[in-house]
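With the numbering used here, letter number 383 in the sequence shown gets 440, and the count goes up by one each step, no holes. In this text, a Cβ means the ideal position worked out from N, Cα and C, and glycines have one as well. Note that the structure is a prediction, hence the values are computed from the model and not measured.
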Amino acid sequence: MSLPADNPVHVQTILDSVADGVFTVDSELRITSFNRAAEEITGFRRSEALGQPCCEIFRTNVCFDHCPLRKAFASGENITNVEVDVLDRHNREIPISVNASVLRDEHGAVIGGVETFRDLSQLRALANEVQERFSFHNMISRNPRMQQLFDILPDVAHSDATVLLHGASGTGKELFAQAIHNLSPRNEHPLVVINCGALPEQLLEAEIFGVRKGAYTGAVANRKGRLALAEGGTLFLDEIGDLPLPLQVKLLRVLENNEYQALGSDETRRADVRFVAASHRDLARLVEEKRFRQDLYYRLNVVSLRIPPLSERSEDIPLLLDMALQRFCQKHGKRIGRFSHQALEQLLTYPYEGNVRELLNLVERAVILCRGTQIEPMHIPALSLSTPLAKKHGCPDKDTLRHLLQRFQGNRQQLAQHLGVDRTTLWRWIRRHQLT
């Protein structure tokens, strides 16, 4: 880029007419021009900025490690869409998007650089508003089925009825159990969690019901079980489908009579707990196969909630990605502003067989590996190994397909290749969603 220098007043008038902040620097990174929008965003007057090192006026969190202007000087290439935070005159952090380019004279020699920047405060506020609108007790979704679940959850929580949560691994069943407990009258007492598939039968019995000293080798003292620890609160039985049949009988007694006995004890104890159970397996089929007691199934299945997998709520993926990026940047002390377009496209069509848990793991790994200000595909190795979403789950939903058409600027051949389908299949999907 070259900048006319024969009429500085004319140049400054042009710069002041631009809505984005703009400043130029010489080869030593001292500010040579500073437009009106730059004054408004940073709070520094032009007269204060001119002649100063840009890092003293334009104080960002990447000035010394990842300065866009230094990168432009070193590569000779344009640096675009770098999201950073800048401190204004009053030391308030303002989120901005930065672009940087070198300035050359008529002979092509580098004489300085130009940086443009846009205030993202309103966009960030809007994004936060969207997240708040679609958030519910640490869960986030704009999917209609999820919203229906959010709507009925307060009534379910207040009922004290036993709840059975159905859903694939990673869909957030424990978050639902936590929300039910938090919204219930029992929320001042503990929520106790136990995974019914994590222990062998004898140890699992001791964990749930407690154990009396000497009940088995290694039982050297009386120990409370999860039922006693959850007294007055909620016991969440995760992966209830893995509960051995003998323990199903004991659990049924608790559900029917609110009574139980610790392992190795003849003393009958009262249980004051609310039960929430969850399984990724089809319990009705396990009943047919005689691997799960029918009477226990009916006792647990008073209120049944099915949590859809991420493949059925792909419109939530952008929300979840933004939420995860913010959470893990804060956790790991990183300042990463965004996903690159290429990374985002691939993340939007990744199959997520592990559902929300897998999405969170992918983003956290990417945040840890990323040293810059935006996440690239190389920071997410799993993307290169994934099968396209279309081959896994068929036609994307309307919002995802519309988003992808915009990303590929209507190029159906490229989009079909990206989805791993032929153009005829893509055309049928576009017709189905009336996106022609």
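Buried or exposed (CB count within 10 angstroms, at least 16 for buried), Leu-419 = The count along the sequence shown starts at 1 and reaches residue 419 at position 362. Result: buried.
Asp-352, enclosing alpha helix (DSSP H) - first and last residue | Mapped onto the sequence shown, residue 352 falls at position 295. Where Asp-352 is concerned, the enclosing alpha helix (DSSP H) stretches over 351 to 357.
Same chain, Cβ closer than 6 Å to Thr-219, neighbours up to 5 away in sequence not counted = By one-based count along the sequence shown, residue 219 stands at place 162. So the list reads Phe-332, Leu-357, Val-359, once near-sequence residues are dropped.
Ser-154 and Phe-174 look like a contact to me (Cβ under 8 Å); what is the Cβ gap, rounded to whole Å?
-> Counted from its first residue, the sequence shown places residue 154 at position 97. Counted from its first residue, the sequence shown places residue 174 at position 117. Rounded, the Cβ-Cβ distance is 7 Å, consistent with contact.
Sheet register partners of Arg-149 (DSSP bridge) = Walking along the sequence shown from the start, residue 149 turns up at place 92. Answer is none; Arg-149 lacks a bridge partner.
Burial state of Asp-299, where buried means 16 or more other Cβ atoms lie within 10 Å = Walking along the sequence shown from the start, residue 299 turns up at place 242. With 16 or more other Cβ atoms within 10 Å, it is buried.
Work out the CA separation of Gly-411 and Arg-480 for me, nearest whole Å.
-> Your numbering for residue 480 matches position 423 in the sequence shown. Your numbering for residue 411 matches position 354 in the sequence shown. Whole-angstrom Cα-Cα distance: 29 Å.
So Val-143 is in the beta strand (DSSP E); what residue range does that whole segment cover?
-> Counting from 1 along the sequence shown, the entry for residue 143 is found at position 86. It spans 136 to 144 - the beta strand (DSSP E) in which Val-143 sits, taken as one unbroken run.
Would Glu-372 pass as a contact of Asp-456 if the rule is Cβ separation under 8 Å?
-> One-based indexing of the sequence shown puts residue 372 at position 315. One-based indexing of the sequence shown puts residue 456 at position 399. Yes, these two residues count as a Cβ contact at 8 Å.
Near Arg-327, which residues of its chain fall below 8 Å by C-beta distance, leaving aside the five closest residues on each side in sequence?
-> Locating residue 327 in the sequence shown gives position 270, counting from the first residue. Excluding sequence neighbours, Arg-327 sits near Asn-315, Glu-316.
Residue from Asp-176, Pro-453, Asn-118 with nearest C-alpha to Ala-94 = As a position in the sequence shown, residue 94 is number 37, starting the count at 1. It is Asp-176.
Decide if Ser-517 is buried, meaning its Cβ has at least 16 other Cβ atoms within 10 Å, or exposed.
-> Residue 517 cannot be examined here, being either before or after the span of the chain that is shown, 58 to 493.
Using the C-alpha atoms, what's the distance from Thr-81 back to Phe-115?
-> Residue numbering aside, residue 115 sits at position 58 when the sequence shown is read from its first letter. Residue numbering aside, residue 81 sits at position 24 when the sequence shown is read from its first letter. Distance between the alpha carbons of Phe-115 and Thr-81: 11 Å.
What first and last residue would you give for the alpha helix (DSSP H) that runs through Asn-252?
-> Here residue 252 corresponds to residue number 195 of the sequence shown, with the count starting at 1. That residue, Asn-252, is in no alpha helix (DSSP H); its beta strand (DSSP E) goes 248 to 252.
How big is the Cα-Cα spacing for Gly-254 and Ser-241?
-> Within the sequence shown, the letter at position 197 stands for residue 254. Within the sequence shown, the letter at position 184 stands for residue 241. Their Cα atoms are separated by approximately 27 Å.
So is Gln-235 buried or exposed if we call it buried at 16+ other beta carbons inside 10 Å?
-> Sequence index remark: in the sequence shown, residue 235 carries index 178 (1-based). Counting Cβ neighbours within 10 Å, Gln-235 comes out buried, since at least 16 surround it.
Between the beta-carbon of Thr-117 and the beta-carbon of Asp-145, is there less than 8 Å?
-> Along the sequence shown, one-based indexing puts residue 117 at 60. Along the sequence shown, one-based indexing puts residue 145 at 88. No, these two residues do not count as a Cβ contact at 8 Å.
Is it the case that the Cβ atoms of Val-237 and Val-268 are separated by a distance below 8 Å?
-> In the sequence shown, residue 237 corresponds to position 180, counting from 1. In the sequence shown, residue 268 corresponds to position 211, counting from 1. Just to set this straight, residue 237 is Ile in the shown sequence, not Val. Taking 8 Å as the Cβ cut-off, Ile-237 and Val-268 do not qualify as a contacting pair.
Length of the line joining the Cα atoms of Leu-232 and Ile-364 | Numbered from 1 along the sequence shown, position 175 holds the residue referred to as residue 232. Numbered from 1 along the sequence shown, position 307 holds the residue referred to as residue 364. Straight-line Cα distance between these residues: approximately 11 Å.
Helix, strand or coil at Ser-198 [DSSP, three-state] = The residue labelled residue 198 in the question sits at position 141 within the sequence shown. Of the three classes helix, strand and coil, the one that applies to Ser-198 here is coil, per DSSP.
Roughly how many angstroms lie between the CA atoms of His-389 and Met-380, to the nearest whole one?
-> Sequence index remark: in the sequence shown, residue 389 carries index 332 (1-based). Sequence index remark: in the sequence shown, residue 380 carries index 323 (1-based). Rounded to whole angstroms, His-389 to Met-380 spans 14 Å at the Cα level.
Kindly say whether His-223, judged by its beta-carbon, lies nearer than 8 Å to any beta-carbon of chain D.
-> Included in the structure is just one protein chain, with no chain D present.
Leu-284 and Val-311: beta carbons closer than 8 Å?
-> Here the question's residue 284 lines up with position 227 in the sequence shown. Here the question's residue 311 lines up with position 254 in the sequence shown. Taking 8 Å as the Cβ cut-off, Leu-284 and Val-311 qualify as a contacting pair.
What's the call for Ala-341, buried or exposed, on a 16-neighbour Cβ count within 10 Å?
-> Residue numbering aside, residue 341 sits at position 284 when the sequence shown is read from its first letter. Classification of Ala-341: exposed, given that the 10 Å Cβ count is below 16.
Along the beta strand (DSSP E) that carries Thr-325, what are the first and last residues, could you check?
-> Counted from its first residue, the sequence shown places residue 325 at position 268. Note, Thr-325: beta strand (DSSP E), 325 to 327.
Ignore the nearest five residues each way along the sequence and tell me which others in Gln-259's own chain have a CB closer than 8 Å to its CB.
-> The residue labelled residue 259 in the question sits at position 202 within the sequence shown. Excluding positions up to five away in sequence, the list reads Tyr-273, Leu-320.
In this structure, what does DSSP give as the bridge partners for Asn-239?
-> Numbered from 1 along the sequence shown, position 182 holds the residue referred to as residue 239. Per DSSP, none; premise fails for Asn-239.
Inter-residue spacing [alpha-carbon to alpha-carbon] between Gly-429 and Gln-471 = Here residue 429 refers to the residue found at position 372 when the sequence shown is read from its first residue. Here residue 471 refers to the residue found at position 414 when the sequence shown is read from its first residue. Going by the C-alpha atoms only, they are around 29 Å apart.
Starting from Ala-334, follow the beta strand (DSSP E) in both directions and report where the run begins and ends.
-> Within the sequence shown, numbered from 1, the residue matching residue 334 stands at position 277. First-last of the beta strand (DSSP E) with Ala-334: 331 to 336.
Locate the beta strand (DSSP E) running through Ser-90, then write down its first and last residues.
-> Indexing the sequence shown from 1 puts residue 90 at position 33. 88 to 91 is the span of the beta strand (DSSP E), which, as asked, contains Ser-90.
Please work out which residues of its chain come closer than 8 Å, Cβ to Cβ, to Glu-264, disregarding the five sequence neighbours upstream and downstream, and give them in chain order.
-> Residue numbering aside, residue 264 sits at position 207 when the sequence shown is read from its first letter. Cβ within range, chain order: Ile-251, Leu-256, Gly-282, Arg-283.
Quick one, are the C-beta atoms of Ser-158 and Asn-138 less than 8 Å apart?
-> Mapped onto the sequence shown, residue 158 falls at position 101. Mapped onto the sequence shown, residue 138 falls at position 81. In this structure, Asn-138 does not lie closer than 8 Å to Ser-158 by Cβ.
Contact set for Ser-84: own chain, Cβ-Cβ below 7 Å, skip 5 residues either direction | As a first step, residue 84 is located in the sequence shown; it is residue number 27 there, counting from the start. Contacts found: Val-167, Ile-168, Gly-169.
Identity of the residue in Thr-228, Cys-452, Cys-124, Arg-384 nearest Gly-477 by Cα = Numbered from 1 along the sequence shown, position 420 holds the residue referred to as residue 477. The shortest Cα separation from Gly-477 among Thr-228, Cys-452, Cys-124, Arg-384 belongs to Cys-452.
Would you mind working out which of Glu-262, Ala-334, Cys-112 sits nearest Arg-280, comparing C-alpha positions?
-> Here the question's residue 280 lines up with position 223 in the sequence shown. The shortest Cα separation from Arg-280 among Glu-262, Ala-334, Cys-112 belongs to Glu-262.
Three-state secondary structure assigned by DSSP to Phe-80 = Here residue 80 refers to the residue found at position 23 when the sequence shown is read from its first residue. DSSP places Phe-80 in strand when its eight states are reduced to three.
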